[in-house]
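Visitor:
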RNA sequence: GCGGGUGUAGCUCAGUUGGUUAGAGCGCCAGGUUGUGGUCUUGGAUGUCGUGAGUUCGAAUCUCAUCACUCGCCCCA
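Residue numbers (the numbering used here): 186 to 597.
1. Could you check the C-alpha separation between residue 645 and residue 571 for me, to the nearest Å?
2. Using a Cβ distance threshold of 8 Å, determine whether the segment 276-287 contacts the segment 310-322, with at least three qualifying pairs required.
3. Can you say whether residue 458 is buried or exposed, counting buried as having 16 or more other CB atoms within 10 angstroms of its CB?
4. Please state if the CB of residue 216 and the CB of residue 500 are separated by a distance shorter than 8 Å.
5. For the segment 258-302, which segments carrying the alpha helix (DSSP H) assignment without a break, of at least 4 residues, lie completely within its bounds, in sequence order?
6. Which of helix, strand or coil does DSSP assign to residue 450?
7. Please say whether residue 396 and residue 598 have beta carbons closer to each other than 8 Å?
8. To which residues of the same chain is residue 272 closer than 7 Å at the C-beta, ignoring the five residues directly before and after it?
9. Does the segment 251-259 come into contact with the segment 487-494, if we say contact requires no fewer than three beta-carbon pairs (one atom in each stretch) closer than 8 Å?
10. For residue 554, which residues of its own chain have a beta-carbon under 7 Å away from its beta-carbon, when the five flanking residues on both sides are left out?
11. Assign residue 350 to buried or exposed, taking buried as 16 or more other Cβ atoms, counted over all protein chains shown, within 10 Å of its Cβ.
12. Exposed or buried, which one is residue 391 when buried takes at least 16 other CB atoms within 10 Å?
13. Are at least three pairs of beta-carbons, each pair with one atom in the segment 464-480 and one in the segment 504-521, less than 8 Å apart?
14. Once DSSP output is grouped into helix, strand and coil, what is the label at residue 310?
15. Which of the three DSSP states is assigned to residue 394 in this structure?
16. Given residue 543, which residues of its chain have a CB within under 8 Å of its CB, disregarding the five upstream and five downstream residues?
17. Could you tell me how far apart the beta carbons of residue 376 and residue 240 are, in whole angstroms, since I believe they sit closer than 8 Å?
18. Consult DSSP for residue 492 and reduce its assignment to one of helix, strand or coil.
19. Would you please state the rounded distance, in angstroms, between the beta carbons of residue 304 and residue 502? I believe it to be under 8 Å.
20. Return the residue from the list 535, 547 and 231 that minimises the CA-CA distance to residue 278.
21. When the Cα of residue 453 is compared with those of 468, 463 and 298, which residue comes out closest?
22. Specify, as a first and last residue, the run of the alpha helix (DSSP H) that residue 361 falls within.
23. Check whether the segment 345-365 and the segment 195-211 touch, using three or more Cβ-Cβ pairs below 8 Å as the test.
24. Are residue 450 and residue 363 touching if we call contact CB-CB under 8 Å?
25. Which of the three DSSP states, helix, strand or coil, is assigned to residue 581?
26. Got a sec? Which residues, its chain only, sit under 8 Å from residue 372 by beta carbon, not counting five neighbours each side?
27. To the nearest whole angstrom, what separates the beta carbons of residue 588 and residue 431, a pair I think is in contact under 8 Å?
28. With residue 225 as the anchor, note down where its alpha helix (DSSP H) starts and where it stops.
29. Would you mind sorting residue 155 into buried or exposed? The rule is 16 or more other CB atoms within 10 Å of its CB.
30. By DSSP, does residue 471 sit in helix, in strand, or in coil?
31. Does residue 388 come out as helix, strand or coil in the three-state DSSP assignment?
32. Along the chain, where does the alpha helix (DSSP H) containing residue 236 start, and where does it finish?
33. Which residues in the same chain as residue 448 place their Cβ atom closer than 8 Å to its Cβ, once the five residues preceding and following it in sequence are excluded?
34. Taking the alpha helix (DSSP H) that residue 202 belongs to, which residues open and close that run?
35. Among 298, 338 and 573, which one has its Cα closest to the Cα of residue 497?
36. Only counting the same chain, and skipping five residues up and downstream in sequence, which positions put a Cβ closer than 8 Å to that of residue 383?
Laid out in C-alpha cells, this is it:
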C-alpha cells in the first residue's frame, strides 16, 4: 500500500485485536496463578551469547533467524527469539537458586527473522512458564497439566491435541542419535535434499519431515523409546502415568522432536489443524542442562511457550467491554466536565460528547454502546438536575444532582 | 531461503475480448426531526486500481521488476 507500512512481519495490534491478546494473556495468567506461578519480566534483548551459546549453534533460530546488532559501545546484542534463555539468565543473575522450586510466568514480544506467513511473524508474542528446580517427573506433569488447563480455559480443548515424547537423558540421546544417523546413512539415496542437510545439522529433525520419500524411510527408522536407558524410560513412564491421573489425554508421538538443543527427557506439543502449516500452538520440554551450561548452579527446569497470535486466532470469545454512559451538555458545557469527573471518580465509565447537536451526540452514544445518556439542559440545570435517559428502554426521567450516583447504581 | 496465489474506496468485493467520467454493499458525512439515538428515507464525499518501469493511439486489465499479504516447503510458538 502506502510507504507507511509497518516493517515486514510486524503488525499493529489495533484496539480490538489488542483486547483479544490481553484477554488471552489474562486468562492464561489467571490459571497459572492458581498453580502458583508468578510473573517475571526480562529484557527483550540480551547479550547475543545468551542465545547463541545455549539454543544450539546449528539451530535455524541461531544460525539465520536472530535480530542481532551492535550497540554504541560495541556490544553484540540480540532481540530475544524465545523466552527460556532470558529467564534462565535472569535466574542466574538474580541468584534465584535460593528460592527453589521456582514457578515463573512470562509474556511479551519475541523476534525471529523468518518468512512471514499466517501465524508466523517476525515480531510475535508468546506467553510461557518455567518451573525450575524440580528433578522429578511430577514437575513435567504439573506444567503440562497447566498448559492443558489454560487451553481448556480458552475453549480450545477440542481443537488441540497433546503430543508427547521423550528425548531421554544425554547418554540416551547420544546413543539414539548415533543409531539414527547410522540408519539414515544407509538410505541416503531416498532422502530429500533437506533431510540430507538435517542429517548433518540436526538428525532428529529428519523424523518429522513432511516429504513422502523421507516419511517412507523414517517409518522403519529406529525409535527413541528403544534407546532410552532404564532411568529415562522410568521417567517417561511416570510422566505418562501422571498425566493420565490428571485427566490429560496424550498421544505419544515417537517422532516428535524439538528445535532447540537444550531439551532433554520430556518434549511435548499441543497442535491444531485449524491454522494451516503453523499447527503448533503451545510447546515445550525439559531442559535440565541449560542453567548449568550457562554457568549457573546445575538446576533442572521444564517449561513451555505458546504463541499468543495463534491462540488469539483460535479463541472464540470476545472481551467484555464495560458499557459507558454518555454526558451530553446542551448549553451548559462548562458544568459537564464537573459531572463527568464526579462520576468517573465514583467508578462509572463515562464519555463526554464533544460536539454536534443532540441527535448526533445520541447517535454517537449509541455507537459507543452506551447504556445511558445524561443530558444537561439549561432548564434542568437551573433546578440542579439533569435528564437521565436509559438508552436500552428509551425511558427518561429528571434526576436531582444530589441523588445522581444512587440513581445510576443500576448502570454500574 | 525455495515454489504457487493475491493486491481496486475505511471494510468486503464487482469490473465483460485492453476503450473514454472505475462501481456495489456496508461504513462515513449531511438533511428529513433548530433538546432526543437505534428503524426508515433523501442526498453527499472518498480511490496516485500496492509501487515503478515497459508495450499500446489508449492499461485496473498485457509484460517485467519491486513491495506487502497469503498457501505450501522450510522453520517453529
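All C-beta atoms in this analysis are idealised placements derived from N, C-alpha and C, irrespective of residue type, glycine included. The model shown is predicted, which means the values in this text are computed figures rather than measured ones.
Guide: So, from the data block:
1. Beyond the ends of the chain as shown, which are 186 and 597, falls residue 645; an answer cannot be given.
2. Because the criterion of three Cβ pairs below 8 Å is met, the segment 276-287 and the segment 310-322 touch.
3. In the first chain, counting from the first residue as 1, residue 458 sits at position 273. So residue 458 ends up on the exposed side.
4. As a working mapping, residue 500 is identified with position 315 in the first chain. As a working mapping, residue 216 is identified with position 31 in the first chain. Not in contact: residue 500 and residue 216 (Cβ atoms no closer than 8 Å).
5. If we require 4 residues or more, the alpha helix (DSSP H) runs fully inside the segment 258-302 come out as 269-278.
6. Walking along the first chain from the start, residue 450 turns up at place 265. In the structure shown, residue 450 sits in a strand (DSSP, three-state: E or B).
7. As displayed, the chain neither begins before 186 nor continues past 597, which places residue 598 out of reach and without an answer.
8. Numbered from 1 along the first chain, position 87 holds the residue referred to as residue 272. Same-chain partners within the cutoff: 225, 227, 289, 291 and 315.
9. Contact check between the segment 251-259 and the segment 487-494: fewer than three CB pairs, one atom from each, fall below 8 Å, which does not count as touching.
10. Counting from 1 along the first chain, the entry for residue 554 is found at position 369. Same-chain partners within the cutoff: 508.
11. In the first chain, residue 350 corresponds to position 165, counting from 1. Buried, by the Cβ-count rule.
12. Mapped onto the first chain, residue 391 falls at position 206. Burial state of residue 391 is buried, judged by a 10 Å Cβ sphere holding 16 or more other Cβ atoms.
13. With a cut-off of 8 Å, the segment 504-521 and the segment 464-480 do not count as touching, because too few Cβ pairs lie within range.
14. Mapped onto the first chain, residue 310 falls at position 125. Note: residue 310 maps to strand in three-state DSSP.
15. As a position in the first chain, residue 394 is number 209, starting the count at 1. Residue state, collapsed to three classes: coil.
16. Walking along the first chain from the start, residue 543 turns up at place 358. Counting only Cβ-Cβ distances below 8 Å, and skipping sequence neighbours, we find 513, 515 and 560.
17. Indexing the first chain from 1 puts residue 376 at position 191. Indexing the first chain from 1 puts residue 240 at position 55. Contact between residue 376 and residue 240 does not hold, since their C-beta atoms are separated by about 25 Å, which reaches or exceeds 8 Å.
18. As a first step, residue 492 is located in the first chain; it is residue number 307 there, counting from the start. Residue 492 falls in the strand class under three-state DSSP.
19. Your numbering for residue 304 matches position 119 in the first chain. Your numbering for residue 502 matches position 317 in the first chain. Taking the Cβ atoms as the reference, residue 304 lies roughly 19 Å from residue 502, outside the contact range of under 8 Å.
20. Your numbering for residue 278 matches position 93 in the first chain. Measuring from the Cα of residue 278, the nearest candidate turns out to be 231.
21. Position 268 of the first chain, counted from the first residue, corresponds to residue 453. In this structure, 468 is the residue among 468, 463 and 298 with its C-alpha nearest to the C-alpha of residue 453.
22. In the first chain, residue 361 corresponds to position 176, counting from 1. For residue 361, the uninterrupted alpha helix (DSSP H) run begins and ends at 355-370, by DSSP.
23. In this structure the segment 345-365 does not touch the segment 195-211; the number of beta carbon pairs closer than 8 Å is below three.
24. Numbered from 1 along the first chain, position 265 holds the residue referred to as residue 450. Numbered from 1 along the first chain, position 178 holds the residue referred to as residue 363. No, the Cβ-Cβ distance between residue 450 and residue 363 is not below 8 Å.
25. On the first chain, position 396 is the one that residue 581 refers to. Residue state, collapsed to three classes: strand.
26. The count along the first chain starts at 1 and reaches residue 372 at position 187. The answer, listed in chain order, is 402.
27. As a position in the first chain, residue 588 is number 403, starting the count at 1. As a position in the first chain, residue 431 is number 246, starting the count at 1. Actually they do not touch by this definition, with Cβ atoms about 54 Å apart.
28. Looking up residue 225 in the first chain gives position 40. Per DSSP, residue 225 belongs to no alpha helix (DSSP H) and is neither H nor E.
29. Any property of residue 155 remains undetermined from this structure, which presents the chain solely from 186 to 597.
30. In the first chain, residue 471 corresponds to position 286, counting from 1. For residue 471, the three-state secondary structure derived from DSSP is strand.
31. Walking along the first chain from the start, residue 388 turns up at place 203. Three-state DSSP puts residue 388 in a helix.
32. Start at 1 with the first residue of the first chain, and residue 236 comes out as number 51. Per DSSP, residue 236 is one residue of the alpha helix (DSSP H) stretching across 233-237.
33. Position 263 of the first chain, counted from the first residue, corresponds to residue 448. Contacts found: 352, 470, 471 and 472.
34. For this step, residue 202 is matched to residue 17 along the first chain. Where residue 202 is concerned, the enclosing alpha helix (DSSP H) stretches over 200-219.
35. Locating residue 497 in the first chain gives position 312, counting from the first residue. Among 298, 338 and 573, the Cα nearest to that of residue 497 is on 338.
36. Within the first chain, the letter at position 198 stands for residue 383. Within the same chain, residue 383 has close Cβ partners 390, 391 and 394.
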